[in-house]
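For reference, the structure discussed in these notes is given below.
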Amino acid sequence: ENRFGVASFLPLNKIKGRPVYNDMEQLLRDPNVLGLAQDFIKFDGKFNEIFSFIFGNTVVVRDLRAAEAVGIGRARMVTLSGDLAERNGMMRGGFRQKRNNLSFSSKLSLNGEDRMTEYQAQINLEQHHLNELDRKIDEAKTKMIELQVQSQSATARSGMLAEENNKSQNELINLERELAIAQSSPEEYGAELQKIASEKENKTKEFEKQEKKVVEIGREVSEFNEREEVKKRRVFALQTEMQEKQEEVNKILAERNDLKIQSAKLETKLEDLVQEVYNEMNTALSGIMERNPIIVDVEMLEGLVSDIQKLKYQLSLIGGIDEEVTDEYKTTKERFDFLTGQLDDLNKATTDLEKTIEELDESMKKKRAAAFKKIRKEFDRYFKILFGGGSVSLEEIYGEAPEEHELLGEVLIQSGSDGSGLAEPEEGKKRQRREKILTGIEIVVNPPGKKIKHINALSGGERTLTSIALICAILNCNPSPFVVLDEVEAALDEANTARFVRIMSELSTQSQFIIITHNRVTMHAADALYGVTMGGDGVSKLLSVKIQEAVKYNEDDGQDIDKNA
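Last residue of the sequence shown: 1965 (the working numbering), numbering continuous.
Pasting the structure below:
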């Protein structure tokens, strides 16, 4: 109400106190700590949340040395002299006494750093004085508010006493009147009662009349306020509309002025163009417009001006124009238009072919990527089957290779508004495209129980197993009708050969395998055997045995079969 300043209000139902740190009890037991700042203040218990929110975990220590002994950063600490050490390590404090012992000559002898220190000290001192003045002003404001509150209280109390005095006077008058009535005779008492009844009736009628008048005046006031409110809204609406209309009028006037300026510029420019056309062609502009010239966009004017200058220079070199030259130009232009159409068709066909090639390349890349991913997965599976564990992977190696594409052609430079011009050949341009291409595939192999960095570190048998796993992975992803293997397991022992045979049995469902071998484990797993033998006459003979039919025949004869024979 009195506009003394700005205040901060802390609602009791909204403000929550700050939680106490876990190590606060241990910190309070330190002899350098005097206690929590909140504990040094007396206040009503209902304000616990407020003072906890304001002071939080601030503790009081004697001085900064005590704060350093406790440990800067453990808590928010304040010294008895007013220095503050924040929890994040920031410290606030300084000199609080005025120093006036520096003379003018001594100040001049100070260097830049000392001056800055002295200035900073003076600033701090002035700031301290300002703080003291603010504190005194706050105290004066508080005292003034208290005095105003006391004055208001005294005024209110005086009013209450005056009201009580009036009530007492009225009561005394009524009591005296009642005493007079009580002491009067019955006739006087009856007359007084009649008088009082008559006065009461008159007061009641007057009250009802005043009440009706108040209601009527209230209704009239309400109607008047409503009418005034409607008028105000109408006035505001009209003012808003008038401002909008005025803005539109101003905008239209500004546009009209701009159009007038542009019109004057265009008229001046048209006069200059008419004069320039007459000077250049010795013909009025109206005569040229009758020829239906080609109309171009404004953006093309700069390029056309350059072309016109070139044509003027060429005409100056050529000199006069013969009629045969005109006929030759028409024939050459028809030939040029035809070749230009053919060139456009070729360029379009080239673009279509390049697009088709890019689509094919993209399709091939996707299919190759899918096949390579499948081969790498199957390669790892067959490697684990042959080696009994470990891991293997195929890594693609990419490099950059330049490809040059020559684009040969001619560039047509158009001159003149009628489409006529001269075709000047331009040298063929080369476009280079550098892209990453696949330069090789590296096999990263890690047999079980070994740490191999390169495939060259494998033994001969391990290389054979790795090669077999890779071939089998390729055959599984892209099976062939038949496959010929020539002693691929020659370097393998019996256990590894058995693993190889198991993989061949799996792949034989997709392809037919012809294996040249001397290994009995491989021969035992084959469906048919073909052998070459030589008799005493020196003639080679071919023998063939189908294993399943031979087994069935021996079972029918009741003979024991030695499968390892």
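For each residue, glycine too, the CB sits at the ideal point set by N, CA and C. Quantities reported herein were computed from a predicted structural model and do not represent experimental measurements.
In this structure, the straight-line span from the alpha carbon of residue 1464 to that of residue 1481 is close to 9 Å. Here DSSP, grouped into helix, strand and coil, assigns residue 1420 to coil. Taking the Cβ atoms as the reference, residue 1925 lies roughly 6 Å from residue 1905, within the contact range of under 8 Å. Ranked by how close their Cα comes to the Cα of residue 1946, the residues 1923, 1611, 1850 and 1538 have 1923 in first place. Cβ neighbours of residue 1768 within its own chain (closer than 7 Å, five residues either side excluded): none. Fewer than three pairs of CB atoms, one per stretch, sit closer than 8 Å, so the segment 1541-1557 makes no contact with the segment 1413-1423. Secondary structure in the segment 1435-1460: the alpha helix (DSSP H) runs of 4 residues or longer, each lying completely within the stretch, are 1448-1455 in chain order.
Remark: C-beta atoms of residue 1858 and residue 1844 do not approach each other more closely than 8 Å. DSSP, read as helix, strand or coil, puts residue 1913 in strand.
Contact check for residue 1913 and residue 1883: beta-carbon distance about 5 Å, within the 8 Å limit, so the pair qualifies. In the DSSP assignment, residue 1941 falls outside any alpha helix (DSSP H) and lies within the beta strand (DSSP E) extending over 1940-1946. Exposed is the label assigned to residue 1620, since fewer than 16 other Cβ atoms lie within 10 Å of its Cβ.
Residues of the same chain with a CB within less than 8 Å of the CB of residue 1897, apart from the 5 flanking positions on each side, are 1889, 1919, 1921 and 1922 in chain order. With fewer than 16 other beta carbons inside 10 angstroms of its own, residue 1578 counts as exposed.
Beta-bridge pairing by DSSP links residue 1882 to 1912. For residue 1479, the enclosing beta strand (DSSP E) starts and ends at 1477-1479. Taking all protein chains in view, the Cβ of residue 1552 is surrounded by fewer than 16 other Cβ atoms within 10 Å, so the residue is classified as exposed. Taking the C-beta atoms as reference points, residue 1786 is found no nearer than 8 Å to residue 1875. Under the rule that a run must span 4 or more residues, no alpha helix (DSSP H) segment is found entirely inside the segment 1611-1680. Residue 1773 and residue 1750 have their C-alpha atoms some 34 Å from each other.
Under the DSSP assignment, residue 1929 falls in the beta strand (DSSP E) whose first and last residues are 1928-1934. One Cα belongs to residue 1455, the other to residue 1447, and the distance between them is close to 12 Å. In the DSSP assignment, residue 1858 falls outside any alpha helix (DSSP H), carrying neither H nor E. Within the same chain, 1847 come within 7 Å of residue 1862 by CB-CB distance, once the 5 residues on both sides are set aside. A distance below 6 Å between beta-carbons, with the five flanking residues on each side excluded, links residue 1870 to the following residues of its chain, in chain order: 1779.
If you draw a straight line from the Cα of residue 1895 to the Cα of residue 1771, it is about 31 Å long.
A Cβ-Cβ separation of about 6 Å places residue 1900 in contact with residue 1892 under the 8 Å criterion.
The alpha-carbon separation between residue 1717 and residue 1798 amounts to approximately 58 Å. Residue burial annotation: residue 1569 is exposed, with fewer than 16 other C-beta atoms found within 10 angstroms of its C-beta. Residue 1942 has its alpha-carbon roughly 16 Å from the corresponding atom of residue 1915.
Counting C-beta atoms within 10 angstroms of its own C-beta, residue 1783 has 16 or more neighbours from the protein chains shown and is therefore classed as buried. Residue environment: residue 1545 is assigned as exposed (fewer than 16 neighbouring CB atoms within 10 Å of its CB, all protein chains considered).
DSSP places residue 1900 in the uninterrupted alpha helix (DSSP H) bounded by 1894-1907.
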